[in-house]
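Residue numbers (the numbering used here): 18 to 956.
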């Protein structure tokens with residue numbers, strides 16, 4: 018290859034340039050999803066979720082020992098930076114090699130066209146959304162892509178040297194790398210069809226018979242590597258022990274010797290390849306060995322051959338099925354689709370692959386879910402399509418090989434996974450191999466454009482091809498880099514670390530914390546195992562609580578969780594038959610309940626509960642309408658076994674469905690966790706919540722507009738805002754304006770809406786309303802340019818609840834500017850005049866207001882507990898509309914609140930005379946008569 022020095026220079030450039038960008042945008046510490054688990058398991062040599070990644074953990078352990086960065090997580094993150102840059106490097110080499118297969122010009126500018134295509138294609142891929150996301154955090158997908166790129170480069174390398182003596186070394190190295198790569202991720206096996214195709218092209222004449230044979234061999238090898246080696250080797254060990262495993266290896270060695278002696282090169286190659294795959298795969302022994310040492314993170318406990326095979330088969334996640342009809346019908350969102358075919362096309366193909374493909378080559382929208390064609394102007398997509406067309410036209414055999422890689426690492430995965438709707442997260446990272454293959458065509462497309470220009474104008478205007486090269490470099494890799502930079506830049510993003518830290522410190526000493534999924538579990542494991550923070554807290558993941566091994570670990574490993582079941586029963590645990598609702602009663606030690614009651618009465622003097630009797634709640638079936646899931650049964654068992662010795666908490670991220678029915682009313686929100694108390698309806702502990710939000714929680718860079726937070730991050734940040742709003746509500750309700758202002762000032766300071774937008778309209782209405790009341794938001798901001806009609810009305814209502822009459826009046830006046838005849842708003846303004854004392858109560862009559870406006874004033878007064886104003890307004894309406902049932906219903910409540918229960922009873926009795934079948938009214942009458950008897954007894 019001529020101009021080898023240019024080739025080496027450009028290959029070094031793409032490696033260094035991409036690595037610098039990845040390093041600049043690398044996560045500074047732990048990230049969400051599986052990252053915390055992989056870092057913790059690398060540091061402690063623990064056992065991650067099935068089917069594991071032993072080679073990744075071994076490399077990760079080495080990197081945790083290297084003094085590259087102070088932060089351990091950052092050291093493991095750097096693995097992804099290096100491996101991703103190496104993938105870009107190999108992609109450059111691959112593109113150059115593929116173009117050189119059919120492009121033979123070596124004079125002048127034409128000689129550089131393969132290199133320039135390689136630079137443009139590889140760097141465009143380097144900064145695509147999905148690949149870049151994997152490149153800056155501690156996940157297996159970056160090193161997995163590195164192994165795939167290495168295998169693809171090696172087979173093209175072999176292709177150019179297939180006639181040389183010793184060329185088989187490349188094929189043997191590919192076999193070893195595939196074996197090694199299984200210790201990172203199984204995706205690398207999907208490169209085998211491409212490998213087989215290249216070998217067939219070089220070794221056999223291509224005709225229909227050989228083509229069919231090639232397809233069968235490629236599919237067969239891909240399908241057999243997993244069951245024969247990945248699953249077969251442990252099966253041999255299960256049947257014959259380690260002696261059986263040694264016998265298998267000796268058998269293969271003997272077979273290899275015989276094949277060599279008989280000069281049978283194909284048999285020698287196949288047996289050698291199988292041996293090398295097994296040697297590479299042997300990293301999985303670390304899973305088996307380390308599990309036997311019982312590390313703190315020991316998922317599935319694969320310390321026996323049986324459990325090890327179960328671990329490899331991912332049995333924890335249930336049986337995998339290719340039955341699309343079944344998956345469609347059982348999907349929670351299955352009703353959105355008219356048929357299995359509609360489900361397959363609209364969801365599995367369009368949403369779960371095509372959308373991701375277009376994210377990378379057309380652009381991802383600002384809402385982070387849709388495609389934005391204007392982002393890259395479709396240029397990467399068009400260039401790739403041009404390259405595919407040009408490749409098939411010039412060299413259809415290798416074009417078909419690249420297509421095989423594109424298909425196997427993309428749509429073939431979709432077909433195999435058969436994913437239900439919905440998924441817990443976006444899955445674009447799974448298809449990066451497909452985007453890698455398409456980027457080969459981007460490089461070929463760029464080379465095609467340059468070749469055409471060189472042929473057309475190169476001789477007359479030699480500078481034009483060079484200028485177009487620069488333009489292509491700007492429009493493709495540089496544009497993709499610039500447009501994706503903010504979204505992919507993790508610099509300064511400490512939210513996963515801080516959020517997890519805040520959860521742990523929110524739990525009392527020796528507490529048990531129930532968590533929901535990856536994002537409120539794995540980062541906590543990282544903090545506990547790597548940074549040794551709050552190791553007294555036992556994190557209990559509710560999903561894992563459905564498994565016997567995890568329950569046994571919670572019961573028997575420190576810090577232990579109170580569980581009353583014997584180990585043998587746990588090993589055979591199944592969902593519990595629970596066909597109907599049952600009342601659960603949990604006895605509470607009297608001294609504990611009395612202590613809690615004294616505490617709640619101190620902070621909530623108006624609390625009406627009683628410190629007597631057991632905890633009591635209803636629990637219905639949670640699974641298939643007749644069973645309790647194992648996790649539900651275990652939460653119940655722990656509640657009974659614990660007897661309030663250890664504090665029990667749920668993370669605020671735990672969904673209602675993952676809690677026991679009725680238990681929610683016993684949960685007290687303490688910040689990012691909810692404590693199980695013995696008293697119902699104790700919403701918050703203001704002192705604990707204040708201390709956490711104002712003094713102990715970390716909020717690093719939530720006020721920094723230069724740090725990007727995606728929708729997952731923003732959703733979790735709203736949990737902080739929910740806690741702040743509840744605490745502010747408590748203080749304003751109890752008249753503590755000083756602390757109310759402190760709380761609101763804090764939330765607007767540490768997470769300003771200009772940096773972290775509100776996630777829901779309700780949160781915006783509440784906090785913006787509080788912001789005006791606390792003086793954090795200037796009143797001139799209260800207008801229809803910044804708020805909708807509904808938001809302004811809600812702000813006015815919030816201000817009324819806080820008795821901030823001037824702010825409430827301003828909000829409603831702003832509404833009238835847009836609609837002067839807004840009748841309900843006018844009623845609100847009149848109601849404010851009475852509640853604030855500006856107008857005398859005797860002016861509230863039918864002389865001054867029509868009945869609809871009087872009714873609105875009465876409703877407003879009742880909402881804000883101005884009962885006397887409400888009574889006058891409703892009585893005035895009733896004088897004009899004596900048969901109005903709604904007004905009578907209002908007055909029943911108003912009279913009760915004013916202590917005039919006889920009047921409430923009178924209205925109900927009169928109503929029942931005319932409407933004797935009204936069960937609701939009769940029930941209320943009985944309640945009020947009972948209340949009257951109790952009042953008489955007290956008096």
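A virtual CB, placed ideally from N, CA and C, is assigned to each residue, including glycine.
- For a cut-off of 8 Å, the C-beta gap from residue 56 to residue 554 is around 19 Å, too long to register as a contact.
- Within the segment 127-186, complete alpha helix (DSSP H) segments of at least 4 residues are found at 130-143, 146-152, 158-177, given in chain order.
- Nearest to residue 376 by C-alpha distance, out of 504, 117, 426, 912, is 504.
- Around the CB of residue 714, 16 or more other CB atoms lie within 10 Å, so the residue is classed as buried.
- The beta carbon of residue 349 is closer than 6 Å to none in its chain, skipping five residues each way along the sequence.
- When Cβ pairs closer than 8 Å are counted between the two stretches, the segment 401-415 is seen not to touch the segment 312-329, the count staying below three.
- Assignment of beta-bridge partners to residue 796 by DSSP yields no partner.
- Residues 56, 59, 77, 80, 155 of the same chain have their beta carbon placed closer than 6 Å to that of residue 93, with the five preceding and five following residues left out of the count.
- Within the same chain, and ignoring the five residues on either side of residue 75 in sequence, the residues whose Cβ sits closer than 7 Å to its Cβ are 300, 303.
- The beta-carbon distance between residue 395 and residue 138, rounded to whole angstroms, is 17 Å. This is too long to meet the 8 Å contact definition.
- Apart from the 5 residues on each side of it in sequence, residue 498 sits with its Cβ closer than 6 Å to the Cβ of 144 in its chain, given in chain order.
- Taking C-beta atoms under 8 Å as the contact rule, residue 419 and residue 162 fail to qualify, at a distance of about 16 Å.
- When the Cα atoms are used, residue 612 and residue 632 turn out to be separated by approximately 15 Å.
- Counted as a single uninterrupted DSSP element, the stretch harbouring residue 558 is not any alpha helix (DSSP H) but the beta strand (DSSP E) occupying residues 555-558.
- Around the beta carbon of residue 692, 16 or more other beta carbons lie within 10 angstroms, which makes this residue buried.
- Boundaries of the beta strand (DSSP E) harbouring residue 599: 599-603, taken from the DSSP string.
- Taking C-beta atoms under 8 Å as the contact rule, residue 849 and residue 825 qualify, at a distance of about 6 Å.
- Between residue 452 and the set 268, 221, 147, the nearest pair of CA atoms involves 147.
- Non-local beta-carbon contacts of residue 552 in its own chain, meaning distances under 7 Å to residues more than five positions away in sequence, involve 545 in chain order.
- Assignment of beta-bridge partners to residue 685 by DSSP yields 692.
- Around the CB of residue 642, fewer than 16 other CB atoms lie within 10 Å, so the residue is classed as exposed.
- In the DSSP assignment, residue 892 falls within the unbroken alpha helix (DSSP H) covering 884-897.
- Residue pairing by DSSP places residue 665 opposite 529 in a beta bridge.
- Between the C-alpha atoms of residue 363 and residue 354 there is a straight-line separation of about 8 Å.
- A Cβ-Cβ distance of about 4 Å is found for the pair residue 423 and residue 454, placing them in contact under the 8 Å criterion.
- Assignment of beta-bridge partners to residue 645 by DSSP yields 593.
- The criterion of a C-beta distance shorter than 8 Å is satisfied by residue 543 and residue 90.
- Each residue's CA atom was taken as its position, placing residue 468 and residue 37 some 31 Å apart.
- Sorting 333, 157, 457, 371 by C-alpha distance to the C-alpha of residue 114 places 457 at the top.
- Residue pairing by DSSP places residue 701 opposite 686 in a beta bridge.
- The three-state secondary structure of residue 768, taken from DSSP, is coil.
- Taken through DSSP and simplified to helix, strand or coil, residue 444 comes out as coil.
- Counting only the Cα atoms, residue 716 lies some 13 Å from residue 772.
- Residue 388 is bridged by DSSP to 381.
- Residue 785 and residue 905 have their C-alpha atoms roughly 36 Å apart.
- Residue burial annotation: residue 365 is buried, with at least 16 other C-beta atoms found within 10 angstroms of its C-beta.
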